[in-house]
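Be aware that the sequence shown starts at 1, since it is given in the UniProt record's numbering, and climbs by one per residue.
Don't be surprised by glycine CBs; every beta carbon is placed ideally from N, CA and C.
In this text the structure is predicted, and so the values were computed from the model without any measurement.
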Amino acid sequence: MNSISLQYSHQPLRPKTVLNPNARRYFLSGNSVKSVLPTTTHAVVLKSSAAGRDHRRLSSSSVDMAASAVDDRIPHIASTIRVIPDFPKPGILFQDITTLLLDPKAFKDTIDLFVERYKDQKIDVVAGIEARGFIFGPPIALAIGAKFVPMRKPKKLPGEVISEEYSLEYGTDVMEMHVGAVQAGERALVVDDLIATGGTLCAAIRLLERVGVDVVECACVIELPELKGRDRLGEKPLFVLIN
């Protein structure tokens, strides 16, 4: 699949609408609720984990380098993501990517940005995390000639599965993958819509590496850096469009 050349927008990023900009922001992380202090909304493509893990403490020269990495398509993508207050329960501001999907240009640009990064990296497997990793993972896999492997919640996959338990703020959860879906030595990309604490991404990495897969990188549309999910990934590279 070849990317279609588009006229890139140079319009400034429109800020997301939040009921109280000075209030704490709440969102869902697995089955638990987190709160963080408000941050400035901006869009940046982080080239790699090595350059990005301490991106909040960049030197002035590093800031210039980061600014040059911003793609003209990202502000429009960011402007299509809305925040829903009090969903699914009072006090939560939910990051809703369904409005991104209603904008064909924004959706296509999102996929194209990932495809442009991974098309020459010899990726064999795109592993998508349930559920919104299933939205972005398959078109990326098709475009780069890789297979798509769903990483699912327990008892959702028929047949024989391999499981990985991981911790939530309160309790644990389980991620599963079909036995035989991947082979030792294959190169994998793990895809989800958002990284918060990084727990589900870490579980997916462990599950794939247990069967000998080389996890090349994790890719997300949105990062919430206040939750330090990038740090939890350790040295595993993370590529995000918006943080």
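Within this structure, are the beta carbons of L241 and V216 separated by less than 9 Å? In this structure, V216 does not lie closer than 9 Å to L241 by Cβ.
Taking buried to mean at least 16 other C-beta atoms within 10 Å of its own C-beta, is Y170 buried or exposed? Counting the other CB atoms within 10 Å of its CB gives Y170 a total below 16, which places it among the exposed residues.
Buried versus exposed, by CB contacts within 10 Å (16 or more), G234: So G234 counts as exposed.
State the DSSP-derived secondary structure class of D112, mapped to helix, strand or coil. D112: helix per DSSP, three-state reduction.
For my contact list, F136 and I111 are in at a C-beta cut-off of 8 Å; report their separation, rounded to the angstrom. That pair is a contact at about 7 Å.
Distance between I81 and T98 (C-alpha atoms, nearest Å): Approximately 8 Å, taken between the alpha carbons.
A219 versus V191: straight-line alpha-carbon distance, rounded: A straight line joining the alpha-carbon of A219 with that of V191 spans about 5 Å.
Return the residue from the list N243, D214, I205, R132 that minimises the CA-CA distance to G185. Nearest of N243, D214, I205, R132 to G185, Cα basis: D214.
In whole angstroms, what separates the C-alpha of T200 from that of G128? Distance between the alpha carbons of T200 and G128 is about 11 Å.
Residue(s) in a DSSP beta bridge with E217: Its beta-bridge partners are L189.
Cβ shell of V161 (< 7 Å), same chain only, five flanking positions each side left out: The answer, listed in chain order, is E176, M177, H178, V179.
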